[in-house]
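Below is one structure, written out as structure tokens; comments come after it.
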Amino acid sequence: FNPLAALRLCLAAGATHETVDLLFNWIWRDGHAGDSAAALALPGAMLDIADVAAAISEPSVKEALRRNTDAALAAGVFGVPTLAIGSELFWGNDAHPLMQAVLADPGLLETGEWARIQHLPVAVERSR
Numbered sequence: 003f004n005p006l007a008a009l010r011l012c013l014a015a016g017a018t019h020e021t022v023d024l025l026f027n028w029i030w031r032d033g034h035a036g037d038s039a040a041a042l043a044l045p046g047a048m049l050d051i052a053d054v055a056a057a058i059s060e061p062s063v064k065e066a067l068r069r070n071t072d073a074a075l076a077a078g079v080f081g082v083p084t085l086a087i088g089s090e091l092f093w094g095n096d097a098h099p100l101m102q103a104v105l106a107d108p109g110l111l112e113t114g115e116w117a118r119i120q121h122l123p124v125a126v127e128r129s130r
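In the working numbering, each residue's number is its place in the sequence shown (first place is 1) plus 2.
Okay, structure coming up:
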């Protein structure tokens, strides 16, 4: 999955919570493609963007995505979707229940088994 078109559309539409929800649901909940302007035409129209291809090709949108990508990489993000709560990153659509549990109980990851696994040694580390 190449998320560039969807990420650019999100930025072009203002990156509001509503925009993120719409695009997230379009791709990950409903299973639609999100990898081209054509695939994003309907959600683009729902976001009042008539020409998705032009919107996602705007140099300012591309530059904003580069800046956001650099910041995400610096924070340790390595894939989409990634959600952050403070410094904790939750990667993958299947991580939502854990993320919701942490929102309900912010100290959850500091207790019991969660605390233990945070201190396990790293077996393999990818060079950067």
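Beta carbons are placed, not taken as given, at the ideal position from N, Cα and C, and that holds for glycine.
Nearest-angstrom Cα separation, counted from residue j out to residue i
{"i": "residue 65", "j": "residue 29", "result": "23 Å"}
{"i": "residue 76", "j": "residue 69", "result": "11 Å"}
{"i": "residue 35", "j": "residue 58", "result": "16 Å"}
{"i": "residue 25", "j": "residue 19", "result": "10 Å"}
{"i": "residue 170", "j": "residue 17", "result": "For the chain, the structure presents residues 3 to 130; residue 170 sits outside this window and is missing."}
{"i": "residue 80", "j": "residue 101", "result": "17 Å"}
Other residues of its chain near residue i: CB distance less than 8 Å, five sequence neighbours each side excluded
{"i": "residue 97", "result": "85"}
{"i": "residue 90", "result": "104, 111"}
Sequence-distant residues of its chain with Cβ nearer than 7 Å to residue i (five each side left out)
{"i": "residue 103", "result": "110"}
{"i": "residue 14", "result": "51, 57, 58, 60, 63"}
Of the residues the options, the one placed nearest residue i, counting alpha carbons only
{"i": "residue 3", "options": "127, 94, 117", "result": "94"}
{"i": "residue 22", "options": "32, 8, 33", "result": "8"}
{"i": "residue 131", "options": "55, 90, 108", "result": "With the chain covering only 3 through 130, there is no way to say anything about residue 131."}
{"i": "residue 6", "options": "120, 82, 113", "result": "82"}
Exercise for review: Mind the definition here: the stretch 40-47 touches the stretch 74-91 only if three or more C-beta pairs lie below 8 Å; say whether that holds.
Suggested key: no
Point to revise | Whole runs of the alpha helix (DSSP H) within the stretch 32-68, excluding any shorter than 4 residues | key: 43-48, 54-59
Point to revise | alpha helix (DSSP H) segments (min. 4 residues) lying fully within the stretch 76-106 | key: 98-106
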